[in-house]
Amino acid sequence: MQIKPRLYILITVALVSVSTSSIIVRFLPTVPAVVIAFWRMALASAVLWIYSLIKPQGRFPREHLLTVTMAGLFLGCHFACFFSAVKLTSIANATILGTVAPVFTVLIEAVFLKRELFKQVLFGIFFALAGGLVIHSGGASTLENNAFGNTLALLGSFFIALVFILSEKIRRNTSTVVYCRTLYFSASCTLFVFSFILGGTVFSFTQTDFSLFFVLAAIPTIMGHSVLSYAVRFI
0 MQIKPRLYIL ITVALVSVST SSIIVRFLPT VPAVVIAFWR MALASAVLWI
50 YSLIKPQGRF PREHLLTVTM AGLFLGCHFA CFFSAVKLTS IANATILGTV
100 APVFTVLIEA VFLKRELFKQ VLFGIFFALA GGLVIHSGGA STLENNAFGN
150 TLALLGSFFI ALVFILSEKI RRNTSTVVYC RTLYFSASCT LFVFSFILGG
200 TVFSFTQTDF SLFFVLAAIP TIMGHSVLSY AVRFI
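Heads up: the sequence shown begins at 0 in numbering that gives the first Met the number 0, then just goes up one per residue.
This is the structure we're talking about:
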């Protein structure tokens, strides 16, 4: 019982932090989406590795290396799709469609993993989506507009759902720092390859751009996704 108030605070801080991502990306209009995603993951991974040198966290379990590598590949795909969506559609559309990830997770678990669906889960997803649609109706552009950007946002949700499923057991049995530093490194490698294939540079940017890359790594990634990964271990 003593952990609950702290857990709620952590989740709230993490969710607010994650929500800043799409806003920050808008201040990088000339930087390719894949490059933004690469620097976000690379810097977040670097920070966690440096922290691990200062305060040793242990090694990542070898038996899970292939799984976390696959999860990192899908995480890289998620951010590439999401940041592209933010540039092509409205922030509201990208954010709302980004909340569909739990739906994909439940569908994959029910259809392919044959897991039982609890009523609480279904009700939670319903109310979350309903709330998102209510917010979306308050002046945002309609979902029919910017079809390609909206499709990318949905695809990003599908990829993050795969990350959730692949990493479920790893998150619960591995230090959050060890898990996240490895996951983000795998994602950054994936995004670097994407950047190379697309012919984009990952170094020729302004000091302001690099400052925003650090902000993306620090707030929505470390304070957001990493803290959420820590919190779900106790739910």
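Quick reminder that beta carbons are idealized off the backbone N, C-alpha and C, glycines included.
From a predicted model like this one, the values you see are computed outputs, not experimental measurements.
Item, Value
"Own chain residues within Cβ distance below 6 Å of Trp-48, not counting five before or after", "Arg-180"
"Chain-order list of residues whose beta-carbon lies under 8 Å from that of Leu-211 (same chain, five-residue window excluded)", "Ile-23, Phe-26 and Leu-27"
"Own chain, CB closer than 6 Å to Val-17, minus 5 neighbours either side, in chain order", "Pro-219 and Gly-223"
"Through-space distance from Glu-167 to Leu-87, alpha-carbon basis", "31 Å"
"Own chain partners of Phe-81 with C-beta closer than 7 Å, once the 5 adjacent residues on each side are dropped", "Ala-93, Gly-97, Ala-152 and Gly-155"
"Pairwise C-alpha distance: Ile-159 and Leu-72", "10 Å"
"Residue interval of the alpha helix (DSSP H) (run including Thr-181)", "175–197"
"7 Å CB neighbourhood of Thr-19 in its chain, flanking five on each side removed", "Ile-218 and Pro-219"
"Nearest to Phe-191 (by Cα), restricted to the options Ile-95, Val-67, Gly-57 and Arg-39", "Arg-39"
"Straight-line Cα distance separating Val-85 from Thr-68", "26 Å"
"Beta-carbon separation (whole angstroms), Val-46 vs Val-201, contact threshold 8 Å", "In fact, because the Cβ distance is near 18 Å, the residues do not count as touching under 8 Å."
"Rounded separation between Leu-197 and Leu-182 - CA only", "23 Å"
"Nonlocal neighbours in the same chain, by C-beta distance under 6 Å from Ser-239, ignoring five residues either side", "One cannot answer for residue 239 here, as it falls past the ends of the chain, which runs 0 to 234."
"Contacts around Val-162, its chain only, beta-carbon distance under 6 Å, and the 5 residues preceding and following it disregarded", "Ala-70, Phe-73 and Leu-74"
"Whole-angstrom distance between Val-177 and Ile-53, CA atom to CA atom", "13 Å"
"Own chain partners of Ile-221 with C-beta closer than 6 Å, once the 5 adjacent residues on each side are dropped", "Ala-43"
"Close Cβ partners of Ser-174 (< 7 Å) along its chain, the five nearest in sequence each way excluded", "Gln-56 and Gly-57"
"Cβ-based neighbour list, Ser-83, same chain, cut-off 6 Å, excluding 5 preceding and 5 following", "Ala-32 and Leu-151"
"Beta-carbon spacing of Ala-41, Ser-225 below 8 Å", "no"
"Rounded distance between the beta-carbons of Ser-21 and Ile-90, thought under 8 Å", "5 Å"
"Pick from Thr-205, Val-231, Asn-149 and Pro-60 that is closest to Ile-95, judged by C-alpha positions", "Asn-149"
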